[in-house]
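Residue 1 is where the sequence shown starts when you use the UniProt record's numbering, and the numbers rise one by one after that. Have a look at the structure below, then the notes.
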Amino acid sequence: MRDEKVRRYGWPALRILAVAALYYGSARLGLLQHLVRGQITPLWPPTGLALAGLLFFGSRIWPGIALGAFLVNLSIGPSAAAVLAITAGNTAAPVCAYLMLRRAGFRRELDRLRDALALVFLGALGGMLVSSTVGAATLALSGALERGFRPAWSVWWTGDAMGVLVVTPFLLVLRRARWPVPADRARWVEAAALGVCTLGVTLLAVSVRNSPLLFLVFPCLIWAAFRFQLAGAAPCALAVSTLAVTAAAGEFGPFAGRDLFANMVTLQAFNGATALTALLMAAVITERNRTYEEIRRACTRLAEIVSGTEPRDR
1 MRDEKVRRYG WPALRILAVA ALYYGSARLG LLQHLVRGQI TPLWPPTGLA
51 LAGLLFFGSR IWPGIALGAF LVNLSIGPSA AAVLAITAGN TAAPVCAYLM
101 LRRAGFRREL DRLRDALALV FLGALGGMLV SSTVGAATLA LSGALERGFR
151 PAWSVWWTGD AMGVLVVTPF LLVLRRARWP VPADRARWVE AAALGVCTLG
201 VTLLAVSVRN SPLLFLVFPC LIWAAFRFQL AGAAPCALAV STLAVTAAAG
251 EFGPFAGRDL FANMVTLQAF NGATALTALL MAAVITERNR TYEEIRRACT
301 RLAEIVSGTE PRDR
């Protein structure tokens with residue numbers, strides 16, 4: 001009886017608390033790179049974490065998202081009413097995204113092009129309209145915005161959407177990651193080389209002042225998607241986007257000497273292209289490989305059937 005109560009109430013409560021703690025921790029990290037009013041950032045990791053949690057455990061963990069969002073906004077919100085409104089928006093956005101993805105038949109493996117497109121348009125671009133609209137409108141009505149509603153809304157929306165596009169795929173990969181047995185040494189060497197090249201090229205691109213070298217990272221993303229599919233593309237996209245956001249927040253490299261609007265356009269265009277290239281190409285390659293494997297198995301089975309029906313020599 002006690003074990004049944006633990007399974008029924010204990011584990012769900014622990015999951016909710018864990019989601020709240022992870023939401024709060026990732027939010028504090030995201031706020032280190034804020035651009036508007038100390039609470040709006042171009043990359044908001046909690047949205048990606050919240051959506052991944054919903055995809056793993058279902059809608060019953062929404063109180064953890066609400067609790068984490070409330071604790072984060074409690075110290076930075078302009079008023080108690082504003083904190084509650086923003087918390088409601090931050091909770092409703094990933095829940096709406098999750099419900100739309102489930103309605104569309106989304107699979108967590110992200111091994112089909114339709115799953116990648118659903119995550120982009122339903123999970124990121126569509127679902128995050130809720131949090132950005134509620135949050136920016138709340139701050140505008142409370143008189144807490146200096147730059148106006150539109151800039152705050154655009155940064156909020158793109159930040160939440162980028163959290164879904166780069167963090168959710170990474171967590172989906174991390175959840176089902178397994179140590180390869182037997183370990184292929186050449187494969188590990190290639191993975192290490194990919195990581196070094198991706199970080200090295202990105203650091204070079206964001207360190208040269210007023211130089212359009214950001215496009216140099218795309219060959220690395222294509223390499224990751226082609227050779228390692230989502231398992232390679234998702235971590236590379238996350239690392240590239242994080243470094244780009246850090247450069248934009250610090251206004252160095254290609255983001256030096258520009259105003260906020262120009263930096264936001266450049267940053268979000270780059271981050272969006274990075275996430276879409278990694279995610280969509282990884283899905284296409286995975287789908288192609290699966291189709292090839294199915295054809296190979298069908299051919300093998302057909303050959304076995306044909307060989308079994310051949311007349312034997314007497």
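Here a beta-carbon is modelled for each residue, glycine too, at the ideal position from N, C-alpha and C.
Are the beta-carbon atoms of residue i and residue j separated by less than 8 Å?
{"i": "Gly232", "j": "Ala224", "result": "yes"}
{"i": "Thr158", "j": "Pro46", "result": "no"}
{"i": "Phe57", "j": "Arg15", "result": "yes"}
{"i": "Leu49", "j": "Val167", "result": "yes"}
{"i": "Leu101", "j": "Leu129", "result": "no"}
{"i": "Ala278", "j": "Ala239", "result": "no"}
{"i": "Ser142", "j": "Ser79", "result": "yes"}
{"i": "Ala140", "j": "Trp156", "result": "no"}
In angstroms with no decimal places, state the Cα-to-Cα distance between residue i and residue j.
{"i": "Thr246", "j": "Leu22", "result": "21 Å"}
{"i": "Arg187", "j": "Asp111", "result": "21 Å"}
{"i": "Asn271", "j": "Met162", "result": "7 Å"}
{"i": "Ser59", "j": "Leu99", "result": "8 Å"}
{"i": "Leu17", "j": "Leu51", "result": "16 Å"}
{"i": "Leu174", "j": "Ser132", "result": "27 Å"}
{"i": "Gly127", "j": "Pro254", "result": "31 Å"}
{"i": "Thr286", "j": "Asp115", "result": "12 Å"}
{"i": "residue 340", "j": "Val72", "result": "Since the first residue shown for the chain is 1 and the last is 314, residue 340 is missing from the structure and cannot be characterised."}
{"i": "Leu214", "j": "Gln229", "result": "22 Å"}
{"i": "Ala124", "j": "Ile305", "result": "47 Å"}
Kindly indicate which three-state DSSP category residue i falls into: helix, strand or coil?
{"i": "Asp115", "result": "helix"}
{"i": "Leu110", "result": "coil"}
{"i": "Gly10", "result": "helix"}
{"i": "Arg314", "result": "Note on Arg314: pLDDT 48, under 50, position unreliable in the model; the coordinate value appears next. Arg314: coil per DSSP, three-state reduction."}
{"i": "Ile86", "result": "helix"}
{"i": "Arg60", "result": "helix"}
{"i": "Glu287", "result": "helix"}
{"i": "Asn210", "result": "coil"}
{"i": "Asp160", "result": "helix"}
{"i": "Leu216", "result": "helix"}
{"i": "Pro94", "result": "helix"}
{"i": "Arg297", "result": "helix"}
{"i": "Ala249", "result": "helix"}
Using only CA atoms, which one of the options lies nearest to residue i?
{"i": "Asn289", "options": "Arg227, Leu29, Leu84 and Ala237", "result": "Arg227"}
{"i": "Leu29", "options": "Thr242, Gly200, Asp115 and Ile16", "result": "Thr242"}
{"i": "Ala273", "options": "Tyr292, Pro254 and Ala237", "result": "Ala237"}
{"i": "Asn263", "options": "Ile295, Val206 and Leu280", "result": "Val206"}
{"i": "Gly200", "options": "Val189, Pro212 and Leu216", "result": "Leu216"}
{"i": "Phe170", "options": "Arg258, Ala81 and Gly53", "result": "Gly53"}
{"i": "Gly68", "options": "Ala104, Thr87 and Gly143", "result": "Thr87"}
{"i": "Ala97", "options": "Trp62, Ala275, Leu84 and Ala85", "result": "Trp62"}
{"i": "Ala191", "options": "Cys220, Asn210 and Leu84", "result": "Cys220"}
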